[in-house]
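Line by line, the protein sequences are chains R and F.
First residue of the first sequence: 1, per the UniProt record's numbering; consecutive thereafter.
First residue of the second sequence: 1, per the UniProt record's numbering; consecutive thereafter.
Idealized CB from N, CA, C, for every residue including glycine.
2 protein chains.
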Amino acid sequence: MNFCSNCGSNQLQFIVPEGDNKQRFVCPDCDTIHYQNPRIIAGCLPVFEGKILLGKRAIDPRKGYWGLPAGFLENGETPEEGALRELHEETLAKGHIKHLQSVFSLPQFNQVYLIYLVDLISDEMGTTSETLESKLFEVKDIPWEDIAFESTTFALEEYLKNPEAKMTKRGHFIWEKEKRFGI
Amino acid sequence: MNFCSNCGSNQLQFIVPEGDNKQRFVCPDCDTIHYQNPRIIAGCLPVFEGKILLGKRAIDPRKGYWGLPAGFLENGETPEEGALRELHEETLAKGHIKHLQSVFSLPQFNQVYLIYLVDLISDEMGTTSETLESKLFEVKDIPWEDIAFESTTFALEEYLKNPEAKMTKRGHFIWEKEKRFGI
């Protein structure tokens, strides 16, 4: 952040505002405090007749790898709406929210994930600008070696341990790279 | 948003970027797309020996009314850390996360709430710049008429219906004013 988005000042200071205990970008010209906060990723674990829908990513990061439909929640949306929007944007599939399946955070990326179990209304799906291929996988055929993100592997594993569980995880998801690189 | 926070341009356009389907503030000078997303409120439902801790708000909105400790999640935090931080900042109390108690959203305010059931480690608490009074209430003494926000009433009611339930609510919380004013 180089300039105040309110008044255009280039004199922003990264300081602890009065009455606060955390550094923020503060504009000395118009007194605006620019808060920065984590973002929510709303996603789906979409199921049809016991099979799980995955999308092969058409965009980086992890292009060509398989993932669950998910993306940043937009202003004005509920997480459920965001999850179903991402489902359709990425795979053209449609479904109904069954329940919240997992909640986890990646604080190193300022992200909180809300993943919903979704009943697909049919096996209709397709490719999009975001997805090279959309496919329903029998559990035995899930391409574990080609999953895009370890958070996806995690949500899938937790679901398969107990498909009826309404909440399989709370808390900080430890990103595998964090463990590997000791971040 | 009047100016680009990256380059200071005053030529921001509110348009749908290429490949997107939603209007964003886009800078024609440096091509930065300024995304705006919902924020997370992390909060506690703090319990000690069957009593519930509420704080009397020292600040507006709803100064003088009782609420659950809660506030905006900060970058770098997990929601659990944020909930316990707010507990201590508002009431000086300390506790342990038991489980996620309720999840609901106020999309009209671009907010998603994550409320955690918290076991307090003691009955130590106090007043702060944010709280005129911190007090443990027997269930029968909860000041229902003086609760600051209907989301607090909601979380309390859901907890009392079934104190052991791990998730009492998912989905869009209908704000009472929205119903009243037909927003």
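Neighbours of residue 27 of chain R in chain F, taken as residues at a C-beta separation under 8 Å, are lacking, since the least C-beta distance is about 10 Å. Going by beta carbons, residue 118 of chain R and residue 83 of chain R fall inside the 8 Å limit. Here the alpha carbon of residue 136 of chain F sits roughly 16 Å from the alpha carbon of residue 155 of chain F. The beta carbons of residue 68 of chain F and residue 43 of chain F sit about 5 Å from each other, so the pair counts as a contact at 8 Å. Contact fails between the region 63-77 of chain F and the region 10-19 of chain F, because fewer than three Cβ pairs, one in each stretch, are under 8 Å apart. Under the three-pair Cβ rule at 8 Å, the region 132-149 of chain R counts as touching the region 45-55 of chain R. Using a Cβ distance threshold of 8 Å, residue 120 of chain F and residue 58 of chain F do not count as a contacting pair. Legend: CB atoms of the UniProt domain "Nudix hydrolase" (37-160) of chain F lying less than 7 Å from CB atoms of chain R belong to residues 37, 38, 39, 40, 72, 73, 74, 75, 76, 77, 78, 79, 80, 99, 100, 103, 105, 107, 110, 112 and 129.
For the region 4-26 of chain R, residues whose beta-carbon sits nearer than 9 Å to a beta-carbon of chain F comprise 4, 5, 6, 7, 8, 9, 10, 12, 19, 21, 22 and 25. The beta-carbon distance between residue 45 of chain F and residue 115 of chain F, rounded to whole angstroms, is 6 Å. This is short enough to meet the 8 Å contact definition.
With a threshold of 16 other beta carbon atoms within 10 Å, residue 38 of chain R meets it and is buried. Comparing C-alpha distances from residue 40 of chain F to each of F/105, F/150, F/16 and F/164 shows the shortest one belongs to F/105.
Here residue 148 of chain F is near residue 62 of chain F, since their CB atoms are less than 8 Å apart. In this structure, the alpha-carbon of residue 74 of chain R lies about 12 Å from that of residue 20 of chain F.
About 4 Å separates the CB atoms of residue 92 of chain F and residue 126 of chain F; that is less than 8 Å, so the two are in contact. When the Cα atoms are used, residue 164 of chain F and residue 29 of chain R turn out to be separated by approximately 51 Å. Secondary structure note for residue 82 of chain R: it is in no beta strand (DSSP E), and the uninterrupted alpha helix (DSSP H) holding it is 79-91. Under the Cβ criterion of 8 Å, residue 162 of chain R is not counted among the residues facing chain F. Using a Cβ distance threshold of 8 Å, residue 5 of chain F and residue 14 of chain R do not count as a contacting pair.
Per DSSP, reduced to three states, the secondary structure at residue 119 of chain F is strand. Nearest neighbour of residue 130 of chain R by Cα position, chosen from R/60, R/1 and R/81, turns out to be R/60.
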